[in-house]
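Presented below is the structure to which this report refers.
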Amino acid sequence: MGKDRAPRLLVLLLSAGTAAWLVAQVTATVKRSSDLWPASGVNVVTKRQDAGYRSRIVIRTTTGRLHRVRPADVGAPSLDSYLARLVYRPPHSLPGPANGADDRLDRLIAAWNRRHPADRAVSATFSVEVLPLPAGRHPRVYQVLKWP
Numbered sequence: 002m003g004k005d006r007a008p009r010l011l012v013l014l015l016s017a018g019t020a021a022w023l024v025a026q027v028t029a030t031v032k033r034s035s036d037l038w039p040a041s042g043v044n045v046v047t048k049r050q051d052a053g054y055r056s057r058i059v060i061r062t063t064t065g066r067l068h069r070v071r072p073a074d075v076g077a078p079s080l081d082s083y084l085a086r087l088v089y090r091p092p093h094s095l096p097g098p099a100n101g102a103d104d105r106l107d108r109l110i111a112a113w114n115r116r117h118p119a120d121r122a123v124s125a126t127f128s129v130e131v132l133p134l135p136a137g138r139h140p141r142v143y144q145v146l147k148w149p
């Protein structure tokens, strides 16, 4: 009879622990008192964004023309993640240059110059357009970096 008690007690403790954990999960979801599921660290409440962002780099070339840099101009499949690493966007504040942004912009200009040796970049401006959400308010453009 002693051997039968240990497995039953273990099953009872595991069942009670699982039930308590599930109750905590449901309580956190219903109350929305926490952004995280208990004991897991998974975000269950999406933070509402107050703005969207659109980044761009405009280059002035030796011929004097202004050109908005596109991925094909520098031999990249996409520039979205690269541009995102150039800017620091603190919540409820103006965007500014991220750590190492000058070096990243230098590398992007070097890639442009390698692909366009006849029309090299002489200056560049990296800017971020802040699009307030919900839509309807006017966007603002902030110059974040200049090159050289």
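Add 1 to the 1-based position in the sequence shown for our numbering, that's all there is to it. All residues carry an ideal CB built from backbone N, CA and C; glycine is no exception.
Problem set entry | Segment limits, alpha helix (DSSP H) that includes L106 | 102–116
Exercise. According to DSSP, is A25 helix, strand or coil?
Worked result: helix
Problem set entry | Residue interval of the alpha helix (DSSP H) (run including S82) | 81–85
For this session: Give the DSSP-derived three-state secondary structure of L10 in the structure shown.
Result: helix
For this session: Name the residue from V131, A52, W22 whose alpha carbon lies nearest to the alpha carbon of Q144.
Result: V131
Exercise. Just how far apart, CA to CA, sit L95 and A25?
Worked result: 39 Å
Exercise. So, using beta-carbon positions, are L106 and W148 closer together than 8 Å?
Worked result: yes
Exercise. Can V75 and R121 be called in contact, C-beta distance under 8 Å?
Worked result: no
Exercise. Roughly how many angstroms separate the alpha carbons of A102 and A21, rounded to a whole number?
Worked result: 48 Å
For this session: Label V142 either buried or exposed according to how many other C-beta atoms from any shown protein chain fall within 10 Å of its C-beta, with 16 as the threshold for buried.
Result: exposed
Problem set entry | Segment limits, beta strand (DSSP E) that includes R66 | Looking at the DSSP string, R66 is not in any beta strand (DSSP E), and its letter there is neither H nor E.
Exercise. Any idea what DSSP makes of S35, helix, strand or coil?
Worked result: Its pLDDT being 48, under 50, S35 is placed unreliably by the model, and nothing is read from it.
Problem set entry | G53 - containing beta strand (DSSP E), residue span | 52–62
Exercise. Would you report the Cα separation of R86 and F127, rounded to the nearest angstrom?
Worked result: 12 Å
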